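Asker:
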Amino acid sequence: MSKSENKLGGSCLKVGDDINSDVIIPGRYLISIDPVELAKHAFEPLGEEFQKKLKTTKVIVAGRNFGCGSAREQAASCLIGGGVQVVVAESFARVFYRNAINTGLTIVESPEAVKAVKDGDELYVDTQAGTLETGGKTYSFPPYPESLQHILRAGGLIPYVAEKIKQEQSK
Amino acid sequence: MTLIEAILARASGRETVKPGDVVVANVDRMIMHDLSGYVTSKVFDEKVGLPIANPDRIVMVFDHLFSPPSETEAEVLQADRAWARKHGINLLDCGNGNIHNAVVHNGFIGPGMVVVGSDSHTPVHGAMGAFAVALGNDSHAGTVLPYSKAWFKVPETIRIDLHGTLQPGTTPRDVALWLVSQIGEGGAIYKAIELGGPLVEEMSLFDRWLLTLITVDLGAKCGYVDPDEKVFKFAREHNAMQAWDEMEVSPVSERKYEKRLEFDVSDLAPQVACSPTVGNVKTVDKVAGTTIQYAELGGHAGGRIEDLRVAAEVFKGKRVHPEVCLNIVPSSRVAFAQALEEGIVAQLHEAGAMWFPPSTGSNQAVNMGAMAAGDAMISTHSRNFPSRNGSIDAAMYLASSHTVSASAIAGCITDIREVL
Chain A
556 MSKSENKLGG SCLKVGDDIN SDVIIPGRYL ISIDPVELAK HAFEPLGEEF QKKLKTTKVI
616 VAGRNFGCGS AREQAASCLI GGGVQVVVAE SFARVFYRNA INTGLTIVES PEAVKAVKDG
676 DELYVDTQAG TLETGGKTYS FPPYPESLQH ILRAGGLIPY VAEKIKQEQS K
Chain B
909 MTLIEAILAR ASGRETVKPG DVVVANVDRM IMHDLSGYVT SKVFDEKVGL PIANPDRIVM
969 VFDHLFSPPS ETEAEVLQAD RAWARKHGIN LLDCGNGNIH NAVVHNGFIG PGMVVVGSDS
1029 HTPVHGAMGA FAVALGNDSH AGTVLPYSKA WFKVPETIRI DLHGTLQPGT TPRDVALWLV
1089 SQIGEGGAIY KAIELGGPLV EEMSLFDRWL LTLITVDLGA KCGYVDPDEK VFKFAREHNA
1149 MQAWDEMEVS PVSERKYEKR LEFDVSDLAP QVACSPTVGN VKTVDKVAGT TIQYAELGGH
1209 AGGRIEDLRV AAEVFKGKRV HPEVCLNIVP SSRVAFAQAL EEGIVAQLHE AGAMWFPPST
1269 GSNQAVNMGA MAAGDAMIST HSRNFPSRNG SIDAAMYLAS SHTVSASAIA GCITDIREVL
């Protein structure tokens, strides 16, 4: 795999601390599992102006404890459905972290980068190298453990388990 | 090893585990409610398509919907029922109570178990001495349903010791809310929180429950209390001791903690968590006098028989304020039956309260509990994020059943200590 293929990112949109899952995807839409359908309602409580900006956003940049609240997986999948490739935050709520990996959404903890970025800035991450580039600067973060990289590369937990079982059966 | 480390060692077939280890553990119980269950079943059927390994370990509880308000919701329950029957899992249909209370009272949770659930408050079951963690649908559909397994990173543990004697009017619920203000939302991300000390030891199982319930709002992976005779007695009566093997749990003095916190809560005043977050906790005097249109005893942290008894006591000779709707939502059929027997149902009915079926009540306003802009509710619920109960401009205050009852009588948020 060439280095450029590991790079994800683009235009940033910033949110604050403790953004909970009711803000990311309100509970009334939870009967859907279609990421594209869910994306229409992503961040609805933040208003239409915010949602309009979200359409051209590749990177959500958040403060601490992003994704706290309910355990809903749709908080991660609605972002994928809306074209978001990466979430960079000072820290993540535990269930959001797990759900992001399981659904194949790349997330990075980098308090320094969060401080440096403004709305509309470009930001790119390389998960294998553990680097994040924005505003001409490079920040590093600890690369994901090997096991989690495998899950992300497969596109999430379910495709990963399916692949693994297939490999074992063909042995 | 702590209780959690010992459970994870047992469940992953290892002699020992330590914080940071990633283990694949056998799951003893998986719980879902009607809405998360609907999503998990769709993901499982569409993306996995295998049989369920141990359907007897899986429980679905209809608690958000207790009587479908429209065709769409009726279709959700219809699909859930068909899926539950197809796979032979346990189903507790409408009217069985709040998911967590219903599974405990039906004997599905016991000490030593690995419990997973798609409701974020699943860690409440740590009060039973279980390792109880919230997972998402893909973990459930991808590994728990087909293989009865899930991956876990063994968490670091924070020990919290609680000391002192609570003042009249201050309850374990107030202690729980106060802890969120002390440790902070997200103040214990990924950690296990071990609760102990003299005050916790004195508490009943279902008062400890209020403490483990809020550990998720601290960001924790799980919270727990080492099970004692009170827990074992309940578990034996509910035939839920099967996971309690001879586990190698070390004495507290030999356990390794990331940190230890000690609190004396003898001077603690009643607490209220104010919109917009569970961490926005104030002493009741700071918000006393705020007008409310709704009050509710129900949800994960209310509607227990203990809460209904408190309401009966506070309401003696008093009525619900004419401009307040007081919703009472028993958390289980057991709680409702007990309230009937003790005359509490009739008393509170005559005082002007509305009884709802055992369910999760106004949680997320799925079946009840929506508010208009400018409305306010005080409740025993667990979350108060804006737009969770109707308008984004409605306010939800979280408090104890004492404070909720006193406020429903006065028509505004009230310091219970002034009416005791």
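Which chain is which? The protein sequence lines are A and B, in order. The numbering of the first sequence is the numbering used here, which starts it at 556 and goes up by one. The numbering of the second sequence is the numbering used here, which starts it at 909 and goes up by one. Glycine included, every Cβ here is placed at the ideal spot set by N, Cα and C. The model shown is predicted, which means the values in this text are computed figures rather than measured ones.
When the Cα atoms are used, what is the spatial distance from glutamate 1064 of chain B to arginine 627 of chain A?
Answerer: Straight-line Cα distance between these residues: approximately 24 Å.
Asker: Report back the beta-carbon spacing between valine 642 of chain A and glycine 565 of chain A to the nearest angstrom; my notes put them in contact at under 8 Å.
Answerer: Not confirmed; about 13 Å, so no contact.
Asker: Output, in chain order, the set of chain B residues within a Cβ distance shorter than 7 Å of isoleucine 588 of chain A.
Answerer: Within 7 Å Cβ-Cβ: Val947, Lys950 and Val951.
Asker: Which runs of the alpha helix (DSSP H), 4 residues or longer, sit entirely within the region 598-661 of chain A?
Answerer: Complete alpha helix (DSSP H) runs here, min 4: 603-609, 629-636 and 649-658.
Asker: Quick check on glutamate 645 of chain A - is its C-beta less than 7 Å from some C-beta in chain B?
Answerer: By this cut-off, glutamate 645 of chain A is not an interface position.
Asker: Could you tell me which chain A residues have their CB closer than 9 Å to the CB of proline 977 of chain B, listed as they occur along the chain?
Answerer: The contacting residues do not exist; proline 977 of chain B stays about 12 Å from chain A at best.
Asker: Run through chain B and tell me which residues come within less than 8 Å of isoleucine 713 of chain A, C-beta to C-beta.
Answerer: Near isoleucine 713 of chain A (Cβ distances below 8 Å), the residues of chain B are Val951, Lys955, Val956, Asp1046, Ala1049 and Gly1050.
Asker: If you pair each beta-carbon of the region 1241-1251 of chain B with each one of the region 1211-1228 of chain B, do three or more pairs fall below 8 Å?
Answerer: Touching, yes.
Asker: Grab the span of the alpha helix (DSSP H) containing leucine 1107 of chain B for me, first residue to last.
Answerer: Looking at the DSSP string, the run of the alpha helix (DSSP H) that includes leucine 1107 of chain B is 1106-1110.
Asker: Just the C-alpha distance for serine 557 of chain A and valine 680 of chain A, rounded to the nearest angstrom, thanks.
Answerer: Summary for serine 557 of chain A: the model assigns pLDDT 39, below 50, so the residue's position carries little reliability; its value from the coordinates is reported in the next sentence. Looking at the two C-alpha atoms, the distance is approximately 14 Å.
Asker: For chain B, check one thing: does any of its Cβ atoms lie closer than 7 Å to the Cβ of valine 650 of chain A?
Answerer: True, the Cβ-Cβ gap to chain B drops below 7 Å.
Asker: Roughly how far, in whole angstroms, is the beta-carbon of valine 935 of chain B from the beta-carbon of arginine 922 of chain B, given that I think they are within contact range, below 8 Å?
Answerer: About 16 Å; that fails the 8 Å criterion.
Asker: Counting only runs of 3+ residues fully inside the region 998-1066 of chain B, write out the beta strand (DSSP E) ranges in chain order.
Answerer: As far as the region 998-1066 of chain B is concerned, its whole beta strand (DSSP E) runs of at least 3 residues are 998-1000, 1022-1025, 1039-1042 and 1057-1061.
Asker: Kindly give me the distance between the Cβ atoms of aspartate 1193 of chain B and alanine 1177 of chain B, rounded to whole angstroms, as I take these residues to be in contact under 8 Å.
Answerer: Right, the Cβ-Cβ distance comes to about 7 Å (below 8 Å), so this counts as a contact.
Asker: Are the CB atoms of threonine 661 of chain A and threonine 686 of chain A within a distance shorter than 7 Å?
Answerer: No, the pair does not count as a contact, with Cβ atoms beyond the cut-off.
Asker: Can you list the residues of chain B that glutamate 628 of chain A reaches, using a CB-CB cut of under 7 Å?
Answerer: In chain order: Gly1044, Asn1045 and Asp1046.
Asker: State the beta-bridge partners of threonine 1199 of chain B as determined by DSSP.
Answerer: DSSP, once it has assigned bridges, lists B/Cys1320 as partnering threonine 1199 of chain B.
Asker: Throw me the rounded Cβ distance for the threonine 689 of chain A and aspartate 676 of chain A pair, which I believe falls under 8 Å.
Answerer: Threonine 689 of chain A to aspartate 676 of chain A, Cβ: 6 Å. Contact.
Asker: Check each candidate in A/Ile588, A/His705 and A/Ser695 and name the one with the smallest Cα separation from serine 632 of chain A.
Answerer: It is A/Ile588 whose Cα lies nearest to the Cα of serine 632 of chain A.
Asker: When DSSP labels each residue in this structure, what does histidine 1146 of chain B get in the three-state scheme?
Answerer: The answer is coil: DSSP assigns histidine 1146 of chain B none of H, G, I, E or B.
Asker: As an exercise, report each continuous beta strand (DSSP E) stretch of at least 3 residues that is fully enclosed by the region 1253-1296 of chain B, in chain order.
Answerer: Listed in chain order, the complete beta strand (DSSP E) runs (minimum 3 residues) inside the region 1253-1296 of chain B are 1284-1287.
Asker: Going by DSSP, what residues sit across from lysine 955 of chain B in a beta bridge?
Answerer: According to DSSP, lysine 955 of chain B bridges with nothing at all.
Asker: Could you give the distance in angstroms between the alpha-carbon of isoleucine 1122 of chain B and the alpha-carbon of aspartate 1115 of chain B?
Answerer: Approximately 12 Å between the Cα atoms of the pair.
Asker: Report the neighbours of valine 716 of chain A on chain B: residues whose CB is nearer than 7 Å to its CB, in chain order.
Answerer: Gly1050 and Thr1051, listed in chain order.
Asker: Along the beta strand (DSSP E) that carries serine 941 of chain B, what are the first and last residues, could you check?
Answerer: Reading off the sequence shown, one finds histidine at residue 941 of chain B, where the question assumed serine. Residues 937-941.
Asker: For glutamine 629 of chain A, does the count of other Cβ atoms within 10 angstroms reach 16, so buried, or fall short, so exposed?
Answerer: Answer is buried; the Cβ neighbour count reaches 16.
Asker: Taking its Cβ as the centre, do 16 or more other Cβ atoms sit within 10 Å of leucine 1328 of chain B, making it buried, or is it exposed?
Answerer: When all chains shown are included, leucine 1328 of chain B counts as exposed.
Asker: Taking C-beta pairs closer than 9 Å, name the residues in chain A that valine 1189 of chain B reaches, listed in chain order.
Answerer: Within 9 Å Cβ-Cβ: nothing; valine 1189 of chain B doesn't reach chain A, min ~13 Å.
Asker: Hey, threonine 1120 of chain B and valine 1032 of chain B: beta-carbon distance below 7 Å or not?
Answerer: Yes.
Asker: For threonine 980 of chain B, is the classification buried or exposed, using 16 other Cβ atoms within 10 angstroms of its Cβ as the cut-off for buried?
Answerer: With fewer than 16 other Cβ atoms within 10 Å, it is exposed.
Asker: Are the CB atoms of alanine 1084 of chain B and serine 1183 of chain B nearer to each other than 7 Å?
Answerer: The answer is no: Cβ separation not under 7 Å.
Asker: Where DSSP assigns a beta bridge to methionine 1304 of chain B, which residues make up the other side?
Answerer: According to DSSP, methionine 1304 of chain B bridges with B/Met1285.
Asker: Are the CB atoms of valine 1062 of chain B and valine 925 of chain B nearer to each other than 7 Å?
Answerer: Yes.
Asker: Have a look at tyrosine 699 of chain A and cysteine 1002 of chain B and give me their C-alpha separation to the nearest angstrom.
Answerer: Tyrosine 699 of chain A and cysteine 1002 of chain B: Cα-Cα distance of roughly 43 Å.
Asker: Between aspartate 674 of chain A and chain B, is there a C-beta pair that is closer than 7 Å?
Answerer: Not one chain B Cβ lies under 7 Å of aspartate 674 of chain A.
Asker: Does leucine 1087 of chain B get closer than 7 Å to chain A when you measure Cβ to Cβ?
Answerer: No, its Cβ sits nowhere closer than 7 Å to a Cβ of chain A.
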